[in-house]
Amino acid sequence: MGKTSQSVGGTTGLKASLAAACLLIMLATAATAVAGGYEAIEIVPTRPDVTVRLLVMKANAKPATALLLFPGADGAKHFGERDGRFWTSSHFLLRAARDFVAAGFVVVALDAPSDQCNGMPDRFRTSPKHAEDVRKVIGYLKEKHRVSSLYLVGTGKGALSAAYLASVFDDPAVEGVILTAVCPPPEFAGVDFAEIDDPVLIIHHLYDECRATPIQGAFELKKRLTESPRADLVVVTGGSMAASTPCGALSNHGFYGMEKPVVRVVKDWISGKDVPERIGK
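All residue numbers for the sequence shown refer to this note's numbering, where the first residue is 18 and numbers rise by one.
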């Protein structure tokens, strides 16, 4: 959940506009081609006087499956542009973003909306306003980036967003939910688990020492997913020596040193393959 900036590429300024679903979508973007791909910060209007910033990364322009990333903690300011270069936080989902791109996904990290610029409290993550924002983002991605299917991916408090949205969405384009480093079910107030009827993958480190996300919570959460046609839990072991606090991103909580194996599990699971109950050492 810690935020250590790292450069992720050069950028040039660009402003454009387009009409979608009878709504004028103003797009402010800083974009660059990276190894034949695309990286951009794009801004999507979602509610009156409210916008949501996206970091969009993809390897090519073909229609593809998108991963909507909901970072943890307050969900705000995990990426940006400074002095002509992109930066991202050290959050697991942002560290793994390019690995997800290399695995063939369109990666879309969502910032907190402009009316929650200081961060999203739990009550917002489980609110109709949050759902409205993300519905508009999904519609935009379908129109602008030709996304045909997508998965909601959340870590820590971001898992609260992903689970809530899965419980209220009925968009067939949403094909599954991926929850990592989850809090115990009592912390998911506002989420009706019986309404989640999409496949769900839970990934949690066995030795996650963050007090908010004990491993027992992952097992308890899986038991609540009674209507999911496929609910898998993958327990991670191993990794690198922590370089942050236990609840920080560079620790077991953030799968530090296990990014690529976790990405591989996500790719295999989305492709329909069986995934192991445990990965690591």
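Where is the CB? At the ideal position from N, CA and C, for every residue including glycine.
Checklist entry - Sorted by chain position, which residues of the same chain lie with C-beta nearer than 8 Å to Pro-304's C-beta, five sequence neighbours on each side aside? => result Residue 304 lies beyond the residue range present for the chain, which begins at 18 and ends at 298; the question has no answer from this structure.
Checklist entry - Where does Gly-30 land, buried or exposed, given buried means 16+ other C-beta within 10 angstroms? => result For Gly-30, the predicted model reports a pLDDT of 34, less than 50, meaning its position is unreliable and no value from the coordinates is stated.
Next on the checklist: Please classify Cys-227 as buried or exposed, where buried requires at least 16 neighbouring CB atoms within 10 angstroms.
Outcome noted: buried
Checklist entry - Does DSSP put Arg-99 in a helix, in a strand, or in coil? => result strand
Item to check | Under the three-state DSSP convention, the category Tyr-273 falls into | outcome: coil
Checklist entry - Per DSSP, Gly-171 forms a beta bridge with which residues? => result Phe-87, Leu-196
Item to check | CA-to-CA distance, Gly-54 to Val-73, given in whole angstroms | outcome: 11 Å
Checklist entry - Do Ala-190 and Gly-136 come within 7 Å of each other at the CB atom, strictly closer than that value? => result no
Checklist entry - Under the three-state reduction of DSSP, which class applies to Ala-81: helix, strand or coil? => result coil
Checklist entry - Do the segment 83-90 and the segment 162-170 make contact, defined as three or more Cβ pairs closer than 8 Å? => result yes
Next on the checklist: In the DSSP assignment, the alpha helix (DSSP H) including Glu-160 goes from what residue to what residue?
Outcome noted: 145-162
Checklist entry - By Cβ distance, which residues of its chain are closer than 7 Å to Glu-264, with the 5 residues on each side in sequence left out? => result According to the sequence shown, residue 264 is Cys rather than Glu. Met-18, Cys-227, Ala-229, His-270, listed in sequence order.
Item to check | Nearest-angstrom Cα separation, counted from Thr-105 out to Pro-246 | outcome: 34 Å
Checklist entry - Apart from the five residues on each side of it in sequence, which residues of its chain come closer than 8 Å, Cβ to Cβ, to Val-118? => result Gly-54, Met-74, Lys-75, Ala-76, Val-124
Checklist entry - Alpha carbon to alpha carbon, what distance is there between Leu-110 and Val-208? => result 22 Å
Checklist entry - What are the partner residues of Lys-75, as DSSP defines its beta bridges? => result Tyr-55
Checklist entry - Is DSSP giving Asp-291 helix, strand or coil here? => result coil
Next on the checklist: Only counting the same chain, and skipping five residues up and downstream in sequence, which positions put a Cβ closer than 7 Å to that of Phe-205?
Outcome noted: Leu-177, Ala-180
Item to check | Rounded separation between Arg-112 and Val-67 - CA only | outcome: 27 Å
Item to check | Element boundaries [beta strand (DSSP E), containing Val-217] | outcome: 217-222
Item to check | Neighbourhood of Gly-274 by C-beta distance below 6 Å, restricted to the same chain and skipping five residues each side | outcome: Gly-256, Ser-257
Checklist entry - Who are the Cβ neighbours of Ala-81 in its own chain at under 6 Å, not counting the five residues just before and after it? => result Val-123
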